[in-house]
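Shown next, in structure tokens, is the structure this report addresses.
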Amino acid sequence: MKKYAKLIITLGLAGGIMLAGCQKNETAEAEPTATPEPTQEAEATPEPTAMAAEEPEPTEDPIPDGYVVSYLTGEYVPESIGRRRPVAVMLNNLKPACPQAGIANAGVVYEAPVEGGITRLMGVFEDYDNLEKIGSVRSCRDYYIFYASGFDAIYTHYGQSAYALPFLELPEVNNISGLAGYGDQVFYRTTDRKSPHNAYTSFEGIQKGIEINGYSQEYDEDFQPGYAFCGVDDEVELPAETEANVVKPGYFLNEPWFEYNPEDKLYYRFQYGDKQIDELTGEQIAYKNIILQYSSWRKYDENGYLNIDVDEPNVGKYIVNGKAIDITWKKHTPWGATFYYDTNGNQITMDTGKTWVCIIQDTYADRVEILGSDDNSDTSADTQGSEEQAAAEEAAASDTEY
């Protein structure tokens, strides 16, 4: 299923690289390389290797009794959690809505632009049983529905744009909406923030929404996970490519970046000129893997609603352990997972841990910065002035939440 008649993009990346593998805490020397131009014509990439429909498995120690390998993180998790369908929750990312509550529990976070130069987040949660506060929750955009479906997730949102509604009504989509008649049984509002920045949900609320809608919490029998992980005791060894100590996705309003900590080998998240923290823990959020996923796009209308392509293969970057490599991405089925490949057409192996996926409008690829230790890294934010900030917030607040 195609969302619209897409731009014809011939993918290609010059020069092959070695297939990334799992190593025992070994690193390789990094060398700079150029960021690919997503929209330029080039020679076709090799046909990606087909992914077998099997569970990810660790390479060494047997899985402890009662545990399975998580589809989201590659970690050992209780079977009751790891084989229960996750939920994908739309999270407000405007400054008045920060810090978000519960975001640290998401195994995967998607960040994508919406209208007004802002970004919205979608957290994919499998381990959220102890969360009494998740959010604040915001409205749906159509492309997030497809990102969520790639994990067979139950999609949770508070309202939607007019362009998203036809997709939400399709039988392939299981969603929980704050505007449905049962909404007050799933969501609640706090008094510490103004609407629309104060709508939250919880584990109990989401479970109530699942019960009301009669959704199954078992994965579809044909579910095919998109991520292939290293063993829990191993580490991904990327070939000598780009050094990646600071990663700037190039989003306009929040101007986020990630800083690599070589001690714990995690990427720590910043935005709006400061650390991004989880309200419930008070700690800065951090991720093992970063994926930059370039996508073609167009505007639906003069109001700036975006139609981001979720089907047409394109290029990107995979970033882990202080390095980055060129990748391509594609979906094998419209509602299925997104798969990521190196430039030889082999599916990449990801490190065990949480992943942050940045959806990059391909025409803004030149705003992306991946900096090494020898690069000048100015991480001071120059966010929009208060008048522009207020305008962006007003535009976001006026989306179709009714």
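Numbered per mature numbering (1 follows the signal peptide of the UniProt record, and there is no 0), the sequence shown spans residues -20 to -1, 1 to 382. Where a beta carbon is used, it is the ideal one built from N, C-alpha and C, also for glycine.
Residue i - DSSP class collapsed to helix/strand/coil
i           : result
residue 148 : helix
residue 184 : helix
residue 268 : coil
residue 231 : coil
residue 157 : strand
residue 115 : strand
residue 245 : coil
residue 176 : coil
residue 95  : helix
residue 31  : Low local confidence applies: a pLDDT of 48 at residue 31 is under 50, so the model's placement there is unreliable, with the coordinate-based value given in what follows. It is coil, neither helix nor strand.
residue 257 : strand
residue 344 : helix
residue 191 : helix
residue 393 : In the structure as shown, the chain begins at -20 and stops at 382. Residue 393 is therefore absent and cannot be evaluated.
Assigned exposure category for residue i - 16 Cβ within 10 Å defines buried
i           : result
residue 174 : exposed
residue 55  : buried
residue 21  : Because the pLDDT of residue 21 is 43, which lies under 50, any placement of that residue in the model is unreliable, and the number read from its coordinates should be weighed accordingly. Classification of residue 21: exposed, given that the 10 Å Cβ count is below 16.
residue 297 : buried
residue 142 : exposed
residue 60  : exposed
residue 106 : buried
residue 11  : Low confidence applies here, because residue 11 scores a pLDDT of 42, under 50, leaving its location unreliable; read the following figure in that light. Flag for residue 11 reads exposed.
residue 253 : exposed
residue 268 : buried
residue 137 : buried
residue 282 : exposed
residue -13 : Low per-residue confidence applies at residue -13: pLDDT is 33, beneath 50, and the placement is therefore not dependable, though the value from the model is reported in the following sentence. Burial call: exposed.
residue 181 : buried
residue 100 : buried
residue 103 : buried
C-beta contact flag for residue i and residue j at 8 Å
i           : j           : result
residue 400 : residue 230 : Residue 400 is absent from the model: the chain starts at -20 and stops at 382.
residue 113 : residue 260 : yes
residue 111 : residue 85  : yes
residue 305 : residue 205 : no
residue 53  : residue 303 : no
residue 47  : residue 132 : no
residue 275 : residue 322 : no
residue 207 : residue 134 : no
residue 238 : residue 270 : yes
residue 212 : residue 313 : no
residue 78  : residue 216 : no
residue 109 : residue 167 : no
Residues bridged to residue i [DSSP beta-bridge criterion]
i           : result
residue 339 : 273
residue 312 : Answer is none; residue 312 lacks a bridge partner.
residue 165 : DSSP lists no partner for residue 165.
residue 321 : 308, 327
residue 133 : For residue 133, which the question treats as bridged, DSSP gives no partner whatsoever.
residue 286 : 279
Unbroken alpha helix (DSSP H) run spanning residue i, endpoints
i           : result
residue 203 : Here residue 203 belongs to no alpha helix (DSSP H), and DSSP marks it neither H nor E.
residue 59  : 59 to 62
residue 123 : 122 to 129
Span of the beta strand (DSSP E), counted from its first residue to its last, around residue i
i           : result
residue 209 : Segment: none, residue 209 is in no beta strand (DSSP E) and carries neither H nor E.
residue 334 : From DSSP, residue 334 is part of no beta strand (DSSP E); its letter is neither H nor E.
residue 215 : 215 to 217
residue 298 : 294 to 300
residue 349 : 349 to 351
residue 71  : 67 to 71
residue 51  : Unbroken run through residue 51: none, as it is neither H nor E.
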